[in-house]
Amino acid sequence: MKKYKWIIIAANLVILLVYFNYSVSKKEELLQNGKLVLLQLAPVDPRSLMQGDYMSLRYRLSENVNAEHLPKRGYCVIRLDSKGVAERLRFQQETTPLNKGEYLIKYTAPDQWNINIGAESFFFQEGQAKKYEAAKYGGVKIDKKGNSLLIGLYDQQLKNIK
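Position one of the sequence shown corresponds to residue 116 (the numbering used here), numbered consecutively onward.
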């Protein structure tokens, strides 16, 4: 029986490593090939005593939404202006319908007050909070399936804050 126990443990470890590597490769692909979208930020307190310096992000596209009437998971349909800044058009449960010039961002609604797109916090080096206070946009790479990945914060002139 001990022989099978080690085989099961090894098989689970291999499955976990394969899944982890697959997940990392998908994120790398999104970084390489994703479309950059700027999401306007809403103000939030940028500090946490327990976690160090970070900025909790809230986006304008998730404001003034009654999540009580939305499915728990779905897609926020956006359109980009000439500067690449996203404007919310609607929420929908499926990937279609999607018109020309519209893009998807997956969301979750954990409760009736919040809509999350999966990029709700940005950690930065301790002592750098002053630099990130000027952030007006969150830079997110998205793919055609609505997956998103936060890549940085941008200032009023749409420049990446580094």
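Even for Gly, the Cβ is constructed at its ideal location relative to N, Cα and C.
Counting along the chain, residue 217 sits inside the beta strand (DSSP E) bounded by residues 217-226. In summary, residue 126 is exposed, with fewer than 16 beta-carbon neighbours lying within 10 Å of its beta-carbon over all protein chains present. Counting the other CB atoms within 10 Å of its CB gives residue 254 a total of 16 or more, which places it among the buried residues. Ranked by Cα distance from residue 267, the first of 246, 180, 230 and 213 is 246. Counting along the chain, the unbroken beta strand (DSSP E) around residue 202 starts and ends at 201-207. In the structure shown, the three-state DSSP call for residue 145 is helix. Residue pairing for residue 150: DSSP places it in a beta bridge opposite 257.
Between residue 261 and residue 210, the gap from beta carbon to beta carbon is short of 8 Å. Residue 132 and residue 124 have their C-alpha atoms roughly 12 Å apart. Straight through space, the alpha carbons of residue 147 and residue 223 are spaced by roughly 25 Å.
Our two residues, residue 238 and residue 118, have alpha carbons roughly 44 Å apart in a direct line.
Here residue 183 has 227 as same chain residues with Cβ atoms under 8 Å from its own Cβ, once five neighbours each way along the sequence are excluded. From the listed residues 141, 217, 128 and 172, the smallest Cα separation to residue 205 is found for 217. Listed in chain order, the non-local C-beta contacts of residue 249 below 8 Å within the same chain comprise 270, 271 and 276, local neighbours out to five positions each way being set aside. At least 8 Å separates the beta-carbon of residue 263 from that of residue 172.
Considering only 137, 121 and 169, the residue with the shortest C-alpha distance to residue 242 is 169.
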